[in-house]
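One structure is given below, encoded as structure tokens.
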Amino acid sequence: MPPVGSVYGNAIGGIVPYYYVGALAAALRPKVSFEIGTYLGVSALTIALNTADDAKIFTVDLPDEFAESDLSTLTQGDRRLVMDTINTVGRALNEHSAGSKVQQIRCNSLELDVRRYTDQIDFAFIDGGHSYELVKNDTEKCLSVLAPGGVMMWDDYRWNLPGVSRYLDELRRTHALRRIGGTQYVCYSDRLAA
Numbered sequence: 032m033p034p035v036g037s038v039y040g041n042a043i044g045g046i047v048p049y050y051y052v053g054a055l056a057a058a059l060r061p062k063v064s065f066e067i068g069t070y071l072g073v074s075a076l077t078i079a080l081n082t083a084d085d086a087k088i089f090t091v092d093l094p095d096e097f098a099e100s101d102l103s104t105l106t107q108g109d110r111r112l113v114m115d116t117i118n119t120v121g122r123a124l125n126e127h128s129a130g131s132k133v134q135q136i137r138c139n140s141l142e143l144d145v146r147r148y149t150d151q152i153d154f155a156f157i158d159g160g161h162s163y164e165l166v167k168n169d170t171e172k173c174l175s176v177l178a179p180g181g182v183m184m185w186d187d188y189r190w191n192l193p194g195v196s197r198y199l200d201e202l203r204r205t206h207a208l209r210r211i212g213g214t215q216y217v218c219y220s221d222r223l224a225a
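Convert by adding 31 to the 1-based position in the sequence shown; the result is the number in the numbering used here.
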């Protein structure tokens with residue numbers, strides 16, 4: 032698990048949610064992971080700590096210098112988080128040696144070109160913007176590059192963020208999604224459909 036100081040340095044909550052991310056990463060042992068929504072970097076660091084030394088983790092978040100248009104699809108809560116983390120995105124990664132396994136990509140996920148990752152992503156974690164438009168965009172991009180047998184995980188389902196819940200409820204009609212009981216996490220893998 033990441034150092035407790037990096038977890039409690041964020042505005043979101045405690046360490047328990049990271050146990051789920053870490054347990055899934057440890058069980059999957061993905062060679063390539065892709066996260067949308069770096070924030071302070073605690074989830075990416077958790078993935079890094081629970082994967083092999085040669086694993087690669089990519090994490091995406093807005094750059095520190097962004098246009099007002101980059102905020103147009105964000106919820107009010109997401110806008111506050113963006114403003115609170117200017118110049119500190121990925122801070123936990125810089126404070127731990129395992130952070131060297133993580134490459135930060137600083138761009139608006141709406142403009143992100145993922146084609147170079149086609150069939151390479153073993154584990155994708157979606158926790159970026161929480162509007163319907165952004166969850167849909169981020170999900171479709173990650174699904175397009177997910178390796179056969181790869182796993183996707185979403186945060187914040189049924190957690191006072193209607194865009195996330197609405198999109199995942201729609202996606203459930205065509206994809207075998209599974210909620211981790213008692214949590215805000217939902218997972219998908221083509222293996223779950225079997």
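Beta carbons are placed, not taken as given, at the ideal position from N, Cα and C, and that holds for glycine.
*Use the C-beta contact count for A75: other C-beta atoms within 10 angstroms, 16 or more gives buried, fewer gives exposed.*
By one-based count along the sequence shown, residue 75 stands at place 44. That one is buried.
*In whole angstroms, what is the alpha-carbon distance linking L143 and G212?*
Start at 1 with the first residue of the sequence shown, and residue 143 comes out as number 112. Start at 1 with the first residue of the sequence shown, and residue 212 comes out as number 181. Rounded to the nearest angstrom, the two C-alpha atoms are 32 angstroms apart.
*Proximal residues to L223 (C-beta, below 7 angstroms), its chain only, five neighbours per side dropped*: Along the sequence shown, read from residue 1 onward, the residue named residue 223 stands at position 192. Counting only Cβ-Cβ distances below 7 angstroms, and skipping sequence neighbours, we find A207, R209.
*asked:* Could you pull the DSSP bridge partners for V176 from this structure?
replied: Position 145 of the sequence shown holds residue 176. Answer is none; V176 lacks a bridge partner.
*When S100, R147, E201 are compared against F89, the one with the closest alpha-carbon*: Here residue 89 refers to the residue found at position 58 when the sequence shown is read from its first residue. The shortest Cα separation from F89 among S100, R147, E201 belongs to R147.
_So the candidates are L71, D158, A86, G68; which of them puts its Cα closest to the Cα of I152?_
Position 121 of the sequence shown, counted from the start, is the residue given in the question as residue 152. Looking at the Cα atoms, A86 is the closest of the given residues.
*Output the distance between the C-alpha atoms of F154 and E99, rounded to the nearest integer angstrom.*
Within the sequence shown, the letter at position 123 stands for residue 154. Within the sequence shown, the letter at position 68 stands for residue 99. Rounded to the nearest angstrom, the two C-alpha atoms are 31 angstroms apart.
*asked:* Please identify the residue among I78, Y50, V145, I46 whose C-alpha is closest to the C-alpha of V176.
replied: As a working note, residue 176 is residue 145 in the sequence shown. With distances taken between Cα atoms, V176 lies closest to V145.
*Which residues in the same chain as Y219 place their Cβ atom closer than 6 angstroms to its Cβ, once the five residues preceding and following it in sequence are excluded?*
Residue 219 sits at position 188 when you count from the first residue of the sequence shown. Same-chain partners within the cutoff: M183, H206, L208.
*For F97, write down the residues that DSSP places opposite it in a beta bridge.*
Within the sequence shown, numbered from 1, the residue matching residue 97 stands at position 66. Paired residues: none, contrary to the question.
_Going by the DSSP bridge assignment, what does L208 pair with across the sheet?_
By 1-based counting over the sequence shown, the position of residue 208 is 177. Note: L208 sits in a beta bridge opposite Y219.
_Does S64 come out as helix, strand or coil in the three-state DSSP assignment?_
Position 33 of the sequence shown, counting from 1, holds the residue named residue 64. It is a strand residue.
_8 angstroms CB neighbourhood of Q134 in its chain, flanking five on each side removed_ = Numbered from its first residue, the sequence shown carries residue 134 at position 103. Taken in chain order, the residues that qualify are K87, I88, F89, T90.
_Beta-carbon proximity list for W190, same chain, < 6 angstroms, skipping 5 on both sides_ = For the purposes of this step, residue 190 is identified with residue 159 of the sequence shown, where counting begins at 1. These residues qualify, in order along the chain: Q215.
*Nearest-angstrom Cα separation, counted from D101 out to P179*: Within the sequence shown, residue 179 is the residue found at index 148, counting from 1. Within the sequence shown, residue 101 is the residue found at index 70, counting from 1. When rounded, the distance between both Cα atoms is 32 angstroms.
*Do the CB positions of D95 and N125 come within less than 7 angstroms of each other?*
Here residue 95 corresponds to residue number 64 of the sequence shown, with the count starting at 1. Here residue 125 corresponds to residue number 94 of the sequence shown, with the count starting at 1. The answer is no: Cβ separation not under 7 angstroms.
_Nonlocal neighbours in the same chain, by C-beta distance under 8 angstroms from L59, ignoring five residues either side_ = The residue labelled residue 59 in the question sits at position 28 within the sequence shown. Cβ within range, chain order: D153, F154, V182.
*Apart from the five residues just before and just after L199, which ones in its own chain have a Cβ nearer than 7 angstroms to its Cβ?*
Taking the sequence shown and counting its residues from 1, the one referred to as residue 199 is at position 168. Excluding positions up to five away in sequence, the list reads W185, Y188, L208, V217.
*Y157 (DSSP reduced to helix, strand or coil)*: As a working mapping, residue 157 is identified with position 126 in the sequence shown. In the sequence on display, residue 157 carries Ile and not Tyr. If DSSP states are grouped into helix, strand and coil, I157 belongs with the strands.
*Starting from R111 and walking both ways along the alpha helix (DSSP H), at which residues does that stretch end?*
Taking the sequence shown and counting its residues from 1, one reaches residue 111 at position 80. R111 -> alpha helix (DSSP H) spans 107 to 115.
*Give the DSSP bridge partners of V133, in chain order.*
Within the sequence shown, the letter at position 102 stands for residue 133. V133 pairs with I88.
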